[in-house]
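Quick notes on the structure that follows.
Protein chains: 2
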Amino acid sequence: MLAGLRVLEIGHFVAAPFCARLLADLGADVIKIEPRTGDPARQWGAMVDGRSLWWSMHGRNKRSVTIDLKSEKGRDLVLQLVAQCDAIVENFRPGQLQRMGLGPDRLREIRPDLIVAHVSGYGQDGPGAGRAAFGVIGEAIGGLRYLTNHAPGVVDLPPVRVGVSIGDSIAGLYAAFGVVAALWQRDRAHGDGKARTIDVALTESILSMMEGMLPEYGALGKIKQPTGGAISTAAPSNAYPSADGEWVLIAANSEPLFASLMRLIGRPELIGAPGYASNPERVANAAQLDHVITQWSRTHDADRLVALLDAADIPNSKAFTAADCATDPQYRARGMVREVPDRHFGTVLQAGMVPHVPESPGTIRWTGPDLGEHNHAVLGELLGLPSSAIHALELEGII
Amino acid sequence: MLAGLRVLEIGHFVAAPFCARLLADLGADVIKIEPRTGDPARQWGAMVDGRSLWWSMHGRNKRSVTIDLKSEKGRDLVLQLVAQCDAIVENFRPGQLQRMGLGPDRLREIRPDLIVAHVSGYGQDGPGAGRAAFGVIGEAIGGLRYLTNHAPGVVDLPPVRVGVSIGDSIAGLYAAFGVVAALWQRDRAHGDGKARTIDVALTESILSMMEGMLPEYGALGKIKQPTGGAISTAAPSNAYPSADGEWVLIAANSEPLFASLMRLIGRPELIGAPGYASNPERVANAAQLDHVITQWSRTHDADRLVALLDAADIPNSKAFTAADCATDPQYRARGMVREVPDRHFGTVLQAGMVPHVPESPGTIRWTGPDLGEHNHAVLGELLGLPSSAIHALELEGII
Numbered sequence: 003m004l005a006g007l008r009v010l011e012i013g014h015f016v017a018a019p020f021c022a023r024l025l026a027d028l029g030a031d032v033i034k035i036e037p038r039t040g041d042p043a044r045q046w047g048a049m050v051d052g053r054s055l056w057w058s059m060h061g062r063n064k065r066s067v068t069i070d071l072k073s074e075k076g077r078d079l080v081l082q083l084v085a086q087c088d089a090i091v092e093n094f095r096p097g098q099l100q101r102m103g104l105g106p107d108r109l110r111e112i113r114p115d116l117i118v119a120h121v122s123g124y125g126q127d128g129p130g131a132g133r134a135a136f137g138v139i140g141e142a143i144g145g146l147r148y149l150t151n152h153a154p155g156v157v158d159l160p161p162v163r164v165g166v167s168i169g170d171s172i173a174g175l176y177a178a179f180g181v182v183a184a185l186w187q188r189d190r191a192h193g194d195g196k197a198r199t200i201d202v203a204l205t206e207s208i209l210s211m212m213e214g215m216l217p218e219y220g221a222l223g224k225i226k227q228p229t230g231g232a233i234s235t236a237a238p239s240n241a242y243p244s245a246d247g248e249w250v251l252i253a254a255n256s257e258p259l260f261a262s263l264m265r266l267i268g269r270p271e272l273i274g275a276p277g278y279a280s281n282p283e284r285v286a287n288a289a290q291l292d293h294v295i296t297q298w299s300r301t302h303d304a305d306r307l308v309a310l311l312d313a314a315d316i317p318n319s320k321a322f323t324a325a326d327c328a329t330d331p332q333y334r335a336r337g338m339v340r341e342v343p344d345r346h347f348g349t350v351l352q353a354g355m356v357p358h359v360p361e362s363p364g365t366i367r368w369t370g371p372d373l374g375e376h377n378h379a380v381l382g383e384l385l386g387l388p389s390s391a392i393h394a395l396e397l398e399g400i401i
Numbered sequence: 003m004l005a006g007l008r009v010l011e012i013g014h015f016v017a018a019p020f021c022a023r024l025l026a027d028l029g030a031d032v033i034k035i036e037p038r039t040g041d042p043a044r045q046w047g048a049m050v051d052g053r054s055l056w057w058s059m060h061g062r063n064k065r066s067v068t069i070d071l072k073s074e075k076g077r078d079l080v081l082q083l084v085a086q087c088d089a090i091v092e093n094f095r096p097g098q099l100q101r102m103g104l105g106p107d108r109l110r111e112i113r114p115d116l117i118v119a120h121v122s123g124y125g126q127d128g129p130g131a132g133r134a135a136f137g138v139i140g141e142a143i144g145g146l147r148y149l150t151n152h153a154p155g156v157v158d159l160p161p162v163r164v165g166v167s168i169g170d171s172i173a174g175l176y177a178a179f180g181v182v183a184a185l186w187q188r189d190r191a192h193g194d195g196k197a198r199t200i201d202v203a204l205t206e207s208i209l210s211m212m213e214g215m216l217p218e219y220g221a222l223g224k225i226k227q228p229t230g231g232a233i234s235t236a237a238p239s240n241a242y243p244s245a246d247g248e249w250v251l252i253a254a255n256s257e258p259l260f261a262s263l264m265r266l267i268g269r270p271e272l273i274g275a276p277g278y279a280s281n282p283e284r285v286a287n288a289a290q291l292d293h294v295i296t297q298w299s300r301t302h303d304a305d306r307l308v309a310l311l312d313a314a315d316i317p318n319s320k321a322f323t324a325a326d327c328a329t330d331p332q333y334r335a336r337g338m339v340r341e342v343p344d345r346h347f348g349t350v351l352q353a354g355m356v357p358h359v360p361e362s363p364g365t366i367r368w369t370g371p372d373l374g375e376h377n378h379a380v381l382g383e384l385l386g387l388p389s390s391a392i393h394a395l396e397l398e399g400i401i
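Just so you know, the sequences run in chain order A and B.
Letter by letter, the first sequence follows residues 3 to 401 of the working numbering.
Letter by letter, the second sequence follows residues 3 to 401 of the working numbering.
What follows is the structure, encoded as structure tokens:
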């Protein structure tokens with residue numbers, strides 16, 4: 003779907019590379035500029051023979067070109083590449099690209115309509131722009147970490163991380179959205195042909211997901227509180243333990259679903275009973291209700307719980323582990339979980355593309371490239387450099 | 003930035019409406035079709051005088067038009083509106099629009115190059131497409147809920163919800179990305195002019211954020227485990243309790259930061275000590291290390307902890323509550339938290355726009371509209387209906 007689009011990535015770690023990968027997954031030609039030591043993300047997570055498994059997915063569909071940005075010649079190569087690109091995505095600390103002589107103004111001398119996407123912890127301006135950006139800090143400032151906890155007083159343990167750098171990935175997704183939106187306005191028939199800047203902050207990306215938190219605080223002084231596995235406005239809805247130590251989500255928060263569940267667990271007397279007759283009553287008694295459901299859920303293994311709940315048409319699911327995701331028939335049928343050929347690993351299990359576009363489905367053209375794998379192809383094809391000149395740059399340590 | 007774009011939303015609850023709001027925030031003309039009873043989201047969350055505060059933000063920048071889709075005349079109005087729109091965003095259960103006579107084929111008889119974005123629980127096809135979509139179930143199937151927990155064995159409580167319907171919002175953001183990507187290819191100078199379908203599943207949107215989980219499971223059988231407030235690969239990084247009962251995030255997971263923190267808390271003897279000399283050693287002893295840091299953190303109030311950590315240049319933050327977000331100088335400076343005039347509430351506190359685009363910043367043109375507020379404006383302007391005809395439709399109960 004994005005064939006014909008060329009994007010330069012000067013990114014590292016998660017946010018900007020994830021943005022660029024989303025564009026590459028949909029068909030854009032993404033050229034990832036890396037230092038000669040490589041993006042540190044190449045060393046992240048579990049390895050096989052010194053190669054990161056995550057990298058096979060995180061770097062896929064991109065062309066890797068090594069350039070030493072500290073060298074004059076290296077920066078000149080970047081400028082020549084920019085001339086051939088529609089957009090650039092970067093996630094240095096604000097101002098760092100500028101200090102290297104590669105600020106937006108300089109880039110746009112070369113390519114006047116360049117879309118420049120910056121992903122940073124706190125945004126490109128404002129009094130806090132310069133603070134070091136750590137994902138967990140950004141998620142805390144976005145308001146997420148306060149909420150990933152049990153209700154106040156339940157337990158004396160810290161609020162949990164969601165297990166992944168979700169703030170980085172959401173920020174990367176916002177940047178991808180912004181880049182294509184800017185491109186549409188630039189390139190359409192009656193568009194304005196203009197360069198634009200996409201300034202995405204990790205903190206703001208998280209805060210944007212916080213639903214009614216700000217309006218309700220502003221008007222009522224209400225401070226949104228964590229609710230553990232429950233939902234503050236609907237009951238019963240929680241994760242319940244199985245006999246074999248798994249968690250099964252049950253969402254029975256409507257009148258018919260609640261009645262079905264009570265019949266299933268052998269407590270039909272609670273249907274319509276005082277304290278359980280309406281959703282507000284059930285929310286008020288959610289802890290007691292969860293206790294009743296838990297007494298039942300603990301008597302069956304997770305697979306049996308799922309079968310019983312399915313048979314009663316009650317929305318439910320195990321809390322999927324990696325193994326559950328890997329084998330799920332729906333994911334497999336839609337290509338969202340797939341085995342991908344990889345030159346180093348043989349095959350590698352990867353997530354598919356989001357969004358799915360049936361008329362022009364994204365493809366995994368290749369898995370994470372080796373460092374500098376495309377130096378010759380890119381510098382030859384785009385800059386017209388002969389092989390001998392590229393070799394000379396390698397010998398000089400520029401690429 | 004998206005001026006000139008017109009989008010029809012036939013959405014309810016969170017996912018499709020959030021997608022359309024992102025487009026509206028950047029300047030698109032979004033026409034939200036609602037039943038005459040309104041989107042149920044108009045009743046969600048805390049209310050003032052019977053009006054939802056969240057709705058003021060969730061519905062902003064859109065035009066509300068009521069249409070009874072069960073009526074022939076109503077569906078005909080939708081088809082006439084589709085003729086004037088670039089894209090449609092919907093989140094009915096798969097196939098439901100088709101059953102109402104408004105399937106993609108029918109819509110494209112009217113508007114051949116229409117971009118159609120579907121947001122659903124599990125996608126438009128596959129053996130599980132028809133299951134009821136509940137946000138919490140989708141997040142569990144996406145692999146998130148298994149991870150929002152303390153490490154196995156630490157506590158006998160369910161994994162927590164992240165506090166918001168994050169799966170719906172991420173799916174909506176993916177849909178917005180897909181819509182503008184399809185529009186770019188359709189509308190650019192050498193584009194293909196083609197209609198495309200954007201098929202976004204809530205489950206897949208979550209799974210796409212799971213980093214190396216699938217490749218590592220596929221190659222090594224490794225099942226990614228929850229780690230509470232910590233990170234499995236870096237230490238110390240966690241939330242630590244303050245004397246006044248708050249949580250303060252500290253990310254001191256590099257050699258210099260670890261040394262600074264140990265000096266700050268009066269434990270310099272641990273710098274370079276056996277068991278703490280490298281990140282892998284610290285990860286292995288993370289629980290012990292967190293205990294040491296907690297002994298210190300409990301002796302100061304949160305504000306004091308932040309001041310001490312800031313002075314030592316150690317990345318940190320309180321786990322921001324609604325109140326902290328509302329008053330943060332960086333958010334205020336960037337317009338990410340702002341007071342917005344509202345006809346019912348006077349002013350209302352809202353989150354700003356992501357991404358920030360300095361050349362054409364998104365604006366809050368109006369807060370969530372009243373139900374059917376734009377019936378006359380839209381049907382008059384786009385369909386050329388005279389006021390009398392619109393009144394007649396109202397009297398008939400069509401709009």
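All C-beta atoms, glycine included, are put in the ideal place defined by N, C-alpha and C.
The structure displayed is predicted, hence computed values, not measured ones.
May I have a chain-ordered list of the beta strand (DSSP E) segments no shorter than 3 residues that lie completely inside the stretch 264-352 of chain B?
Every beta strand (DSSP E) stretch that sits fully inside the stretch 264-352 of chain B and reaches 3 residues is listed by chain position as 318-320, 339-344.
Can you give me, in chain order, the residues of the stretch 201-215 of chain A that have a beta carbon less than 8 Å from any beta carbon in chain B?
201, 202, 203, 205, 206, 207, 209, 210, 211, 212, 213, 214, 215
Could you please give the first and the last residue of the uninterrupted beta strand (DSSP E) stretch that includes residue 10 of chain B?
To locate residue 10 of chain B, count along the second sequence from 1; it is residue 8. Here the beta strand (DSSP E) through residue 10 of chain B covers 8-12.
Going by alpha carbons, who is nearest to residue 174 of chain B out of A/55, A/213, A/298?
Position 172 of the second sequence, counted from the start, is the residue given in the question as residue 174 of chain B. It is A/213.
By the three-class DSSP mapping on this structure, what secondary structure does residue 377 of chain A have?
Position 375 of the first sequence holds residue 377 of chain A. Residue state, collapsed to three classes: helix.
Hey, is the stretch 147-164 of chain B in contact with the stretch 202-209 of chain A, meaning 3+ C-beta pairs nearer than 8 Å?
no
I want to know whether the stretch 239-248 of chain A touches the stretch 299-317 of chain A - three or more CB-CB distances under 8 Å.
yes
I'd like the ranges of any beta strand (DSSP E) spanning at least 3 consecutive residues and lying wholly in the stretch 35-75 of chain B.
64-68
Return the Cβ separation of residue 11 of chain B and residue 72 of chain B in integer angstroms, given the expectation that the two are a contact with Cβ distance under 8 Å.
Here residue 11 of chain B is taken as the residue at index 9 of the second sequence, counted from 1. Here residue 72 of chain B is taken as the residue at index 70 of the second sequence, counted from 1. With a Cβ gap of about 18 Å, residue 11 of chain B and residue 72 of chain B do not count as contacting.
In three-state terms, what does DSSP make of residue 243 of chain A?
In the first sequence, counting from the first residue as 1, residue 243 of chain A sits at position 241. Here residue 243 of chain A sits in strand by DSSP.
Along the stretch 290-305 of chain B, what residues have a CB closer than 8 Å to any CB found in chain A?
Cβ contacts with chain A: none found.
Do residue 15 of chain A and residue 171 of chain A have their beta-carbon atoms positioned less than 7 Å apart in this structure?
Translated into the one-based positions of the first sequence, residue 171 of chain A becomes position 169. Translated into the one-based positions of the first sequence, residue 15 of chain A becomes position 13. The answer is no: Cβ separation not under 7 Å.
Residue 200 of chain B lies in the beta strand (DSSP E); which residues open and close that run?
One-based indexing of the second sequence puts residue 200 of chain B at position 198. From DSSP, the beta strand (DSSP E) with residue 200 of chain B extends over 199-203.
Listing by chain order, which chain B residues have their CB less than 7 Å from the CB of residue 309 of chain A?
Your numbering for residue 309 of chain A matches position 307 in the first sequence. Per Cβ cutoff of 7 Å: no residues; residue 309 of chain A is ~15 Å from chain B at best.
Do you know whose CA, among B/311, B/83, B/236, lies nearest residue 264 of chain B's CA?
Residue 264 of chain B sits at position 262 when you count from the first residue of the second sequence. The candidate whose alpha carbon is nearest that of residue 264 of chain B is B/311.
Which residues bound the alpha helix (DSSP H) around residue 186 of chain B?
Walking along the second sequence from the start, residue 186 of chain B turns up at place 184. Membership of residue 186 of chain B in the alpha helix (DSSP H) is indicated by the continuous run 168-189.
Check each residue of the stretch 44-75 of chain A: if its Cβ is closer than 9 Å to any Cβ of chain B, include it; give the result in chain order.
46, 47, 48, 50, 54, 55, 56, 57, 58, 59, 60
How many Å lie between residue 366 of chain A and residue 297 of chain B at the Cα?
What you label residue 366 of chain A is simply residue 364 of the first sequence in a count that begins at 1. What you label residue 297 of chain B is simply residue 295 of the second sequence in a count that begins at 1. Roughly 49 Å separates the two Cα atoms.
Let me know the secondary structure DSSP gives residue 192 of chain B once reduced to three states.
Start at 1 with the first residue of the second sequence, and residue 192 of chain B comes out as number 190. Three-state DSSP puts residue 192 of chain B in coil, outside helix and strand.
Taking the beta strand (DSSP E) that residue 92 of chain B belongs to, which residues open and close that run?
Sequence index remark: in the second sequence, residue 92 of chain B carries index 90 (1-based). Residue 92 of chain B -> beta strand (DSSP E) spans 89-92.
Taking C-beta to C-beta, are residue 239 of chain A and residue 253 of chain A nearer than 7 Å?
Here residue 239 of chain A refers to the residue found at position 237 when the first sequence is read from its first residue. Here residue 253 of chain A refers to the residue found at position 251 when the first sequence is read from its first residue. Against a cut-off of 7 Å, the Cβ pair of residue 253 of chain A and residue 239 of chain A comes out as a contact.
May I have the straight-line CA-CA distance separating residue 125 of chain A from residue 22 of chain A, to the nearest angstrom?
In the first sequence, the residue the question calls residue 125 of chain A occupies position 123. In the first sequence, the residue the question calls residue 22 of chain A occupies position 20. Approximately 19 Å, taken between the alpha carbons.
In three-state DSSP terms, what is residue 259 of chain A?
Within the first sequence, residue 259 of chain A is the residue found at index 257, counting from 1. Collapsing the DSSP output to three states places residue 259 of chain A in a helix.
So which residues of chain A does residue 186 of chain B contact, with C-beta pairs closer than 7 Å?
Position 184 of the second sequence, counted from the start, is the residue given in the question as residue 186 of chain B. Simply 182, 185, 186, 189.
Can you give me the C-alpha to C-alpha distance between residue 85 of chain A and residue 380 of chain A, rounded to a whole angstrom?
Along the first sequence, read from residue 1 onward, the residue named residue 85 of chain A stands at position 83. Along the first sequence, read from residue 1 onward, the residue named residue 380 of chain A stands at position 378. Distance between the alpha carbons of residue 85 of chain A and residue 380 of chain A is about 13 Å.
Identify the contact partners of residue 127 of chain B in chain A, using a Cβ-Cβ distance below 8 Å as the criterion.
If you number the second sequence from 1, residue 127 of chain B lands on position 125. Those are 335, 336, listed as they occur along chain A.
When the Cα atoms are used, what is the spatial distance from residue 155 of chain A to residue 149 of chain A?
Counting from 1 along the first sequence, the entry for residue 155 of chain A is found at position 153. Counting from 1 along the first sequence, the entry for residue 149 of chain A is found at position 147. Going by the C-alpha atoms only, they are around 14 Å apart.
Run the proximity test for residue 156 of chain B: is its beta-carbon closer than 6 Å to any non-hydrogen atom belonging to the ligand NAP?
Ligands are entirely absent from the displayed structure, and the ligand NAP is therefore not among its contents.
At least one CB of chain A closer than 7 Å to the CB of residue 218 of chain B: is that the case?
Taking the second sequence and counting its residues from 1, the one referred to as residue 218 of chain B is at position 216. Judged by the 7 Å Cβ criterion, residue 218 of chain B is in contact with chain A.
Compare the C-beta of residue 266 of chain B against all C-beta atoms of chain A and say whether one is closer than 7 Å.
Here residue 266 of chain B corresponds to residue number 264 of the second sequence, with the count starting at 1. For residue 266 of chain B, the answer is no, since every Cβ of chain A falls outside 7 Å of its Cβ.
Taking Cβ-Cβ distances below 9 Å as the criterion, which residues of the stretch 218-239 of chain B are in contact with chain A?
218, 219, 220, 221, 222, 223, 224, 225, 226, 227, 228, 229, 230, 231, 232, 233, 234, 235, 239
Residue 168 of chain B: which of B/179, B/140, B/152, B/191 sits nearest, CA to CA?
Taking the second sequence and counting its residues from 1, the one referred to as residue 168 of chain B is at position 166. Ranking B/179, B/140, B/152, B/191 by Cα distance to residue 168 of chain B puts B/140 first.
Which of helix, strand or coil does DSSP assign to residue 222 of chain A?
To locate residue 222 of chain A, count along the first sequence from 1; it is residue 220. In this structure, residue 222 of chain A counts as helix in the three-state DSSP scheme.
Using the C-alpha atoms, what's the distance from residue 275 of chain B back to residue 123 of chain A?
Sequence index remark: in the first sequence, residue 123 of chain A carries index 121 (1-based). Sequence index remark: in the second sequence, residue 275 of chain B carries index 273 (1-based). Whole-angstrom Cα-Cα distance: 32 Å.
Could you name the residues of the stretch 126-147 of chain B whose beta carbon sits closer than 9 Å to any beta carbon of chain A, in the order they occur along the chain?
Listed by position, the residues of the stretch 126-147 of chain B near chain A (Cβ gap below 9 Å) are 126, 127, 128, 129, 130, 131, 133, 134, 135, 136, 137, 138, 139, 140, 141, 142, 143, 144, 145, 146, 147.
Indicate the three-state DSSP secondary structure (helix, strand or coil) for residue 115 of chain B in the structure shown.
Position 113 of the second sequence, counted from the start, is the residue given in the question as residue 115 of chain B. If DSSP states are grouped into helix, strand and coil, residue 115 of chain B belongs with coil.
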